[in-house]
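Here the structure is laid out as structure tokens; the discussion comes afterwards.
In our numbering, the protein residues as written are 1 to 131.
Below, the structure written as structure tokens:
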């Protein structure tokens, strides 16, 4: 299938080896296939914010929900510190995700996503304290 856009002919030695990352499947003669986006995962005419897996939108909504929750909490000395921490770590998940999305290197992306994970765990802790 020379006219098929999903096939390419490899000129690099590694293209003839097995790929364990699930992206390329080599065939004899240095040919490999690249995975196409499935129809179910296709964006079509939808905006990224309309998709259920858009993490930027989901983390923003999560931060908004935390702020609404904190506004309903009673104001007292014990809750004030908890509310500050809870809002801080809960809303920073989205901010750090936006930074990760704009990362210029894989190392920076991994670092920012790791920060998101830490902030999410901290948010879970403060939610437990507030409950």
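Glycine is no exception: its CB is placed at the ideal position from the N, C-alpha and C atoms. Predicted, not measured: the structure shown is a model, and the values here were computed from it.
(request) With a threshold of 16 other CB atoms inside 10 Å of the CB of residue 129, please say whether the residue is buried or exposed. (result) Translated into the one-based positions of the chain shown, residue 129 becomes position 129. Classification of residue 129: exposed, given that the 10 Å Cβ count is below 16.
(request) Could you tell me whether the region 70-86 touches the region 97-106, using the rule of 3 or more Cβ pairs below 8 Å? (result) no
(request) Put residue 100 into one of helix, strand or coil per three-state DSSP. (result) Within the chain shown, numbered from 1, the residue matching residue 100 stands at position 100. Residue state, collapsed to three classes: helix.
(request) From the DSSP output, in three-state form, read off residue 131 for me. (result) If you number the chain shown from 1, residue 131 lands on position 131. Correct three-state label for residue 131: coil.
(request) Just confirm the distance between the C-beta atoms of residue 99 and residue 112, as a whole number of angstroms; I'd bet it's less than 8 Å. (result) As a first step, residue 99 is located in the chain shown; it is residue number 99 there, counting from the start. As a first step, residue 112 is located in the chain shown; it is residue number 112 there, counting from the start. Yes, they are in contact, since the Cβ atoms of residue 99 and residue 112 sit about 5 Å apart, within 8 Å.
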